[in-house]
Amino acid sequence: MDIMEKVLEVKGEDAVKMVQQLALQKQIYCSLTKGHVWSQQIELAKRPENRGKLIVTVHPSAGERYLSLALFEGLRKEAEAMQPVPVD
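Residue numbering for the sequence shown follows this note's numbering, starting at 10 and increasing by one per position.
Structure, rendered in C-alpha cells:
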C-alpha cells in the first residue's frame, strides 16, 4: 500500500498570501505550513477531475499562537494604531 501518492510544491510567497488571506477573510489563524496545505487544497479543488469532490484537510492546532509571528506584524501594527469609534 502506498502511503504517499504525490508531492505538491507551493511557492513560499503563495503560502504567505494564503495565511494572510485566511486571517483577514476567514479569521483562521495558522502557520506557514498550513498555508502551504490550504494553497494546494484550493489548487486541487480547481482541477476538472476533482469537480464535485470533497477535499478535506485537518489542522489540529489553535491559531492564536501564530499571531506573534513576523508574518502578522503589519496586521498587528495596524490593529494597534486603530482608534476607538463611538457607537450611537
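Using N, Cα and C, we set each Cβ at its ideal position, and we do this for glycine too. In this text, all values refer to a predicted model and were calculated from it rather than measured experimentally.
- The beta carbon of His-45 is closer than 6 Å to those of Val-19, Ala-24 in its chain, skipping five residues each way along the sequence.
- When the Cα atoms are used, Glu-58 and Glu-14 turn out to be separated by approximately 16 Å.
- Residue environment for Ser-77: exposed (fewer than 16 other C-beta atoms within 10 angstroms of its C-beta).
- The three-state secondary structure of Tyr-75, taken from DSSP, is helix.
- Where Gly-21 is concerned, the enclosing alpha helix (DSSP H) starts and stops at 21-30.
- Counting along the chain, Val-46 sits inside the alpha helix (DSSP H) bounded by residues 41-55.
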